[in-house]
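**Student:** Following the numbering used here, the numbering of the sequence shown begins with 4 at its first residue and continues without gaps.
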Amino acid sequence: MGLKTTISCRRLVRHMVAGGAVLGLSQSALSLFAAARAGNPVFPGWYADPEARIFEGEYWIFPTFSAPYNDQTFFDAFSSPDLVTWTKHPRVLDVEHVKWARRAVWAPSIVKKGEWYYLFFAANDIQNDEQLGGIGVARAKHPAGPFEDYLGKPLVDKFHNGAQPIDPFVFADADGAHYLIYGGWKHCNITRLSGDFTSLAPLADGSTFKEITPQGYVEGSWMFRKDGKYYFMWSEGGWTGPDYAVAYAIGASPMGPFERAGKILQQDPRVATGAGHHSVLQSPTSGKWYIVYHRRPLDQRDRNARVVCIDEMHFTPTGAIEPVVITNDGVAADKI
4 MGLKTTISCR
14 RLVRHMVAGG
24 AVLGLSQSAL
34 SLFAAARAGN
44 PVFPGWYADP
54 EARIFEGEYW
64 IFPTFSAPYN
74 DQTFFDAFSS
84 PDLVTWTKHP
94 RVLDVEHVKW
104 ARRAVWAPSI
114 VKKGEWYYLF
124 FAANDIQNDE
134 QLGGIGVARA
144 KHPAGPFEDY
154 LGKPLVDKFH
164 NGAQPIDPFV
174 FADADGAHYL
184 IYGGWKHCNI
194 TRLSGDFTSL
204 APLADGSTFK
214 EITPQGYVEG
224 SWMFRKDGKY
234 YFMWSEGGWT
244 GPDYAVAYAI
254 GASPMGPFER
264 AGKILQQDPR
274 VATGAGHHSV
284 LQSPTSGKWY
294 IVYHRRPLDQ
304 RDRNARVVCI
314 DEMHFTPTGA
324 IEPVVITNDG
334 VAADKI
């Protein structure tokens with residue numbers, strides 16, 4: 004990774020020199036500038052669906068291992084103090100520790116509650132209510148695991164409102180409530196987690212699963228709260244193709260309603276294709292916002308050839324999300 008990052012940063016420096024932007028800087032200053040950027044992808048290997056969080060004074064990324072379904076039997080995790088230098092934590096969860104899961108282990112979402120870290124995940128890619136699989140929960144005392152199956156069975160194992168039980172995301176609201184937002188096959192549900200995460204609790208209207216599907220939704224939900232507004236984000240298009248993208252909506256509560264505001268992350272034929280299935284970070288130090296996502300390198304056609312990247316995300320004065328510029332050079336160091 005070190006060589007790749009250095010090469011990527013040197014490319015940026017050469018570009019800036021050619022444009023006359025840094026003609027007054029010394030070679031040592033250029034070297035410092037180069038060393039301070041991450042480069043995209045941020046770590047080697049085929050990975051997708053990255054969930055980014057901040058735990059234990061570090062940035063963490065929990066991605067899907069991007070491979071044929073039968074080979075997707077574990078999760079690796081990555082940690083960094085500054086978004087530039089990443090440490091791999093192999094097999095933080097393995098299906099050997101989840102007796103009902105056997106393949107297609109996808110899209111982890113992790114949250115800390117009390118002394119435990121809870122890892123939500125999809126497994127087995129079920130196609131109907133008769134098959135075993137869905138969304139499960141594992142837990143560990145540290146984000147690097149090892150995670151053990153918490154329930155001994157899936158938490159969500161059926162189709163509700165047409166949503167395939169995949170791509171879980173756990174959202175912690177300001178009042179302490181935790182919600183599970185999930186769904187594939189162009190349907191998205193929200194449900195409330197019980198206090199101990201062993202079951203689902205009724206929503207305010209008495210229902211358990213509420214559909215909040217916005218226009219264009221396909222999969223890969225994410226939600227965050229900013230300035231009292233709820234930003235609901237998702238992936239649309241086909242994940243195997245170049246047009247995979249991220250769009251968003253804004254609502255007054257986690258329940259919506261959500262009306263599509265627009266697309267903010269997509270391919271750039273000069274950089275990469277298939278940019279989607281993301282997460283969002285805000286640095287507690289700089290206050291900057293980052294989007295962590297996967298994309299397909301220009302020289303790759305295999306559907307599983309996906310890599311994890313980070314770029315900055317900006318807002319307009321009115322709170323709208325600006326279209327993200329995807330880059331090869333990534334972001335500058337941002338220490339916690």
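Note that CB positions come from ideal geometry on N, CA and C, so glycine has one too.
Only a predicted model underlies this, so the values are computations on that prediction, with no experimental measurement involved.
Would you mind listing the beta strand (DSSP E) stretches within the stretch 103-154 that are 3+ residues and don't spill past its ends, in chain order?
**Tutor:** Listed in chain order, the complete beta strand (DSSP E) runs (minimum 3 residues) inside the stretch 103-154 are 109-116, 119-126 and 137-143.
**Student:** Can you list, in chain order, the residues of its chain with a C-beta nearer than 8 Å to that of TYR120? Leave out the 5 residues immediately preceding and following it.
**Tutor:** Taking the sequence shown and counting its residues from 1, one reaches residue 120 at position 117. Excluding positions up to five away in sequence, the list reads PHE58, ILE113, VAL114, ARG142, ALA143, LYS144, HIS145, PRO146 and PHE150.
**Student:** Out of LEU96, ASN43, ASP128 and TYR62, which one is the CA nearest neighbour of ASN73?
**Tutor:** Sequence index remark: in the sequence shown, residue 73 carries index 70 (1-based). Considering only alpha carbons, the answer is ASP128.
**Student:** I'd like to confirm the pairing. Which residues does DSSP put opposite TRP292 in its beta bridges?
**Tutor:** Locating residue 292 in the sequence shown gives position 289, where the first residue counts as 1. DSSP lists GLN285 and MET316 as partners of TRP292.
**Student:** By the three-class DSSP mapping on this structure, what secondary structure does LEU28 have?
**Tutor:** As a first step, residue 28 must be located in the sequence shown, where it is residue number 25. Interpretation of LEU28 is limited by its pLDDT of 46, a score under 50 that renders its predicted location unreliable; no figure is taken from the coordinates.
**Student:** Over what stretch of residues does the beta strand (DSSP E) that includes ALA335 continue unbroken?
**Tutor:** Position 332 of the sequence shown, counting from 1, holds the residue named residue 335. From DSSP, ALA335 is part of no beta strand (DSSP E); its letter is neither H nor E.
**Student:** Please report the distance separating the alpha-carbon of ALA32 from that of TYR234.
**Tutor:** The residue given as residue 32 occupies position 29 in the sequence shown. The residue given as residue 234 occupies position 231 in the sequence shown. Because the pLDDT of ALA32 is 45, which lies under 50, any placement of that residue in the model is unreliable, and the question is left without a value.
**Student:** Can you tell me which of the three DSSP states HIS100 falls into?
**Tutor:** One-based indexing of the sequence shown puts residue 100 at position 97. If DSSP states are grouped into helix, strand and coil, HIS100 belongs with the helices.
**Student:** Report yes or no: do three or more beta-carbon pairs, one from the stretch 253-266 and one from the stretch 221-235, lie closer than 8 Å?
**Tutor:** yes
**Student:** Taking its Cβ as the centre, do 16 or more other Cβ atoms sit within 10 Å of PRO287, making it buried, or is it exposed?
**Tutor:** Taking the sequence shown and counting its residues from 1, one reaches residue 287 at position 284. With fewer than 16 Cβ atoms within 10 Å of its Cβ, PRO287 is classed as exposed.
**Student:** Give me, in chain order, the residues of the same chain whose beta-carbon lies closer than 8 Å to that of ALA264; leave out the 5 immediate sequence neighbours on both sides.
**Tutor:** On the sequence shown, residue 264 is found 261 positions in, with the first residue counted as 1. Answer for ALA264: ALA250, TYR251, ALA252, ILE253, ALA323 and ILE324, listed in chain order.
**Student:** Rounded to whole angstroms, what is the Cα-Cα separation between TYR185 and VAL221?
**Tutor:** As a position in the sequence shown, residue 185 is number 182, starting the count at 1. As a position in the sequence shown, residue 221 is number 218, starting the count at 1. About 11 Å.
**Student:** Assuming GLY139 contacts PHE124 (C-beta within less than 8 Å), just tell me the rounded distance between them.
**Tutor:** Within the sequence shown, numbered from 1, the residue matching residue 139 stands at position 136. Within the sequence shown, numbered from 1, the residue matching residue 124 stands at position 121. Correct: roughly 6 Å between the Cβ atoms.
**Student:** Identify every residue that forms a DSSP beta bridge with LEU183.
**Tutor:** Indexing the sequence shown from 1 puts residue 183 at position 180. In the DSSP assignment, the residues bridged to LEU183 are VAL173 and THR194.
**Student:** State whether the stretch 38-56 contacts the stretch 303-312, with contact taken as three or more CB pairs (one from each stretch) at a distance under 8 Å.
**Tutor:** By the criterion of at least three beta-carbon pairs nearer than 8 Å, the stretch 38-56 is in contact with the stretch 303-312.
**Student:** Let me know if ASP170 comes out buried or exposed under the rule of 16 or more other beta-carbons within 10 Å of its beta-carbon.
**Tutor:** Within the sequence shown, the letter at position 167 stands for residue 170. With 16 or more Cβ atoms within 10 Å of its Cβ, ASP170 is classed as buried.
**Student:** Just to confirm, is the Cβ distance from ASP199 to TRP109 under 9 Å?
**Tutor:** The residue given as residue 199 occupies position 196 in the sequence shown. The residue given as residue 109 occupies position 106 in the sequence shown. Contact flag unset, no.
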